[in-house]
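Please read the structure below before turning to the comments.
Numbering (the numbering used here), first residue to last: 1 to 901.
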């Protein structure tokens, strides 16, 4: 007898040995159902008999009370009618039990009970499985038995464990101990038998070569399937073990020529029992685990034969269909639309199939079957989303698949083919165009509109859809075609001008307008959430298509302009026809424009043009004005987050406009230059202070978080630029950079004096808008910048453009000028404090006067000579005496006549 015949005989023995318990398991499943129904009928009969006994009167005599008094005849009470049976009762794993007296809570187990009744059984089950493995190992080491006998004994041991588990399950009540919560001994024994069967089958293949890879593959799969079937009687642990064995079995079997089709068929064979058991026992986790397992096998199937992706494509479409049926269609087929809620787990699982489809599409091995595969998988997901409202997100996943496939479609140059091009006849550009361009464009023209049309049809025919459910249909209808259009435009034209795509965008915009009118005719009431959401989606998509058309037809720099104007148009439409979804579309367009500007701040990818009137003015100025006007329009129907977002975007775009215009002017037309100068730091600080003042004044007129936080952000930026840029890094005394300009009119005016004036204006504005600490900080910044300007200006007059020439020392005129400047600042602050009643200004005046005194008595006394020293002390004395007189005249409160008397 040759080895093949021996292997076949062993396989037949395995199948016969396991087939008998399988038949018994199936029979037990049917018997379990019948016993469950019989138990329900008996419980219902007992309840009826108890009600009859309770309603029956009694005439028995009471002992010791004499003869019984005949009881009054009790009129027969009509029996309560049994509640009507529902049309269809969903199967449950536990038979219905009548609501009798509440059972007492089971006593809490102590450590002894836990160790004795549960942990010992679990450890025993593991010990049994390991004992079988060690027994086989011992027989191998001692060479006691031949390989065939070892495998047969392993199979018999597995059958013995499974049979014992089944026998104990049937007589489970005989092993229960009163008051103890015991572990499920039959399930543990059955699980140990399954593990032993797995080990025996694999050892017959891997250790002894008694059976080939194909027979091992089938045997392991059958054991896994039988384990899942047996789990209907033995619990979820066995189901998890069976699914894990089914998904891991292909990893245990190696072959010189792996067959992807065999793996596709095997996975379909083993996943069906998992779904069936999950449906029978209502174990949703098992269905989700099965879908995840087969999804993880997609890439291994694909890499078995990279040149032929057909098995992976068939696998994905087949498994997506099974997942859609068992995760969505079957559980929710009787759920009405008005009660549908989003099933997040099922929606994520179907989205994972869409992402896997995109991953397979990008490979060259997908070949000419790519459009059929993408269409089939997208239609499976779309059918699930349209049929079952609980997974409406699957419709959006279908749109994501269509757009993603267009994005990752391989290039003609990668495949080595140069198909004819509809837009250019220049052969040099063929290599960067998608492969099979005509098929590519056909798919782009048919699949996304089909998904959008089906989603709109679902919205129109639905009644009472909840907002989260309807939102996914609206997203698939509105965003899907636009994403596909952008993907095709990018892949075919590489973002160059294309009148053809602009025409397509115009046609798409017209289609959305017609769809909105169709939805208006199907609207039953103004309160229909689904229809209103669909109207908003189609109207927003129409405006988006118009914006895309302008982008396709115009130059690159007009992209932000087109989107900004479309946002303004969307706000106008939203205010006219009161569609809430359009308000959110304004915010979405704003974020798109912001992302576009972050991607390329120069708008045109290089020099924006001449000063002031350039692409920066269009690219940032038009969005700033558009979103500000959009906010004003939307505010007519209420101030909400969308209005605040529109205003915030307007402020951001305006700030970027000024910032990049400054850099453009100072860096010879390069807004992205890496160097930073004193003049730039001063101008940017001035910009920040100007925006802070403007937003603070707006916050005074109408308190709003946008204005309040915006002003604080710009104020913080100005403080940072002043402290780090003006006073430290770019300070001419430290950096050594020369001061540009003349002796008096130079860059110090723009970098120090102008920010100091604006900081003082900000402090004055903040007195009415914020706590005193904010105004105090701004006033201190103003005084610091003013002092820096005066000191640097004096040194510029005496030392020239280079201020860091400390080796020259300080001339006597320069030294005296510093003293005069301190006195003048102190006098000015004192006058302002007296006239305005500002105590801070008077205190600041005292600080400057103290500094002047210290400088005169310490510095001037030692460094100045002659008339300069005399003038310093004379001037200081006169100023101090004058200040004393002023305090006595205006600030010191004299006692009144009444007080004197």
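Backbone N, C-alpha and C fix where the C-beta goes; we use that ideal spot for every residue, glycine too. Source: prediction; values computed, not measured.
How many angstroms separate the CA atom of residue i from the CA atom of residue j?
i	j	result
residue 60	residue 53	Annotation note: pLDDT 44 at residue 60 (below 50); position unreliable, coordinate value reported separately. Roughly 15 Å separates the two Cα atoms.
residue 726	residue 686	11 Å
residue 768	residue 700	7 Å
residue 344	residue 394	10 Å
residue 283	residue 368	40 Å
residue 483	residue 402	9 Å
residue 801	residue 739	5 Å
residue 515	residue 457	10 Å
residue 398	residue 665	49 Å
residue 375	residue 476	15 Å
residue 186	residue 167	8 Å
residue 545	residue 569	12 Å
residue 464	residue 470	9 Å
residue 303	residue 646	49 Å
residue 379	residue 565	36 Å
residue 856	residue 786	21 Å
residue 327	residue 708	49 Å
residue 637	residue 587	16 Å
residue 235	residue 281	9 Å
residue 202	residue 239	20 Å
residue 626	residue 650	8 Å
residue 405	residue 488	10 Å
residue 743	residue 620	37 Å
With 16 as the cutoff for other CB atoms within 10 Å, does residue i come out buried or exposed?
i	result
residue 495	exposed
residue 658	buried
residue 319	buried
residue 228	buried
residue 315	buried
residue 771	exposed
residue 590	buried
residue 674	exposed
residue 438	exposed
residue 442	exposed
residue 158	buried
residue 372	exposed
residue 334	exposed
residue 49	exposed
residue 734	exposed
residue 245	buried
residue 66	Residue placement at residue 66 is poorly supported in this model, since its pLDDT is 43, which falls under 50; the coordinates are not used for a value here.
residue 154	buried
residue 915	The structure shown does not extend to residue 915, since the chain is modelled only from 1 to 901, so the question has no answer here.
residue 472	buried
residue 611	exposed
residue 745	exposed
residue 823	buried
Report back the beta-carbon spacing between residue i and residue j to the nearest angstrom; my notes put them in contact at under 8 Å.
i	j	result
residue 571	residue 630	4 Å
residue 190	residue 230	6 Å
residue 205	residue 216	4 Å
residue 859	residue 815	7 Å
residue 683	residue 750	6 Å
residue 535	residue 520	7 Å
residue 624	residue 654	4 Å
residue 290	residue 274	4 Å
residue 763	residue 790	About 18 Å; that fails the 8 Å criterion.
residue 321	residue 360	In fact, because the Cβ distance is near 16 Å, the residues do not count as touching under 8 Å.
Look up residue i in the DSSP assignment and give the residues it is bridged to.
i	result
residue 746	741
residue 608	None; residue 608 has no bridge partner.
residue 411	434
For chain D, is any of its Cβ atoms less than 8 Å away from the one on residue i?
i	result
residue 452	The chain labelled as chain D is not found in the depicted structure, where only one protein chain is given.
Which runs of the alpha helix (DSSP H) fall wholly inside the region 343 to 370 and span at least 4 residues, in chain order?
-> If we require 4 residues or more, the alpha helix (DSSP H) runs fully inside the region 343 to 370 come out as 344 to 361.
Just list the alpha helix (DSSP H) runs in the region 632 to 697, keeping only unbroken ones of 4 residues or longer that don't cross its boundaries, in chain order.
-> 641 to 666
List in chain order: all unbroken alpha helix (DSSP H) runs of 4+ residues lying wholly within the region 240 to 296.
-> 260 to 281 and 284 to 296
What beta strand (DSSP E) runs, 3 residues minimum, are completely inside the region 781 to 827?
-> none
Those runs of the alpha helix (DSSP H) which lie wholly inside the region 429 to 495 and span at least 4 residues | 437 to 461 and 467 to 493
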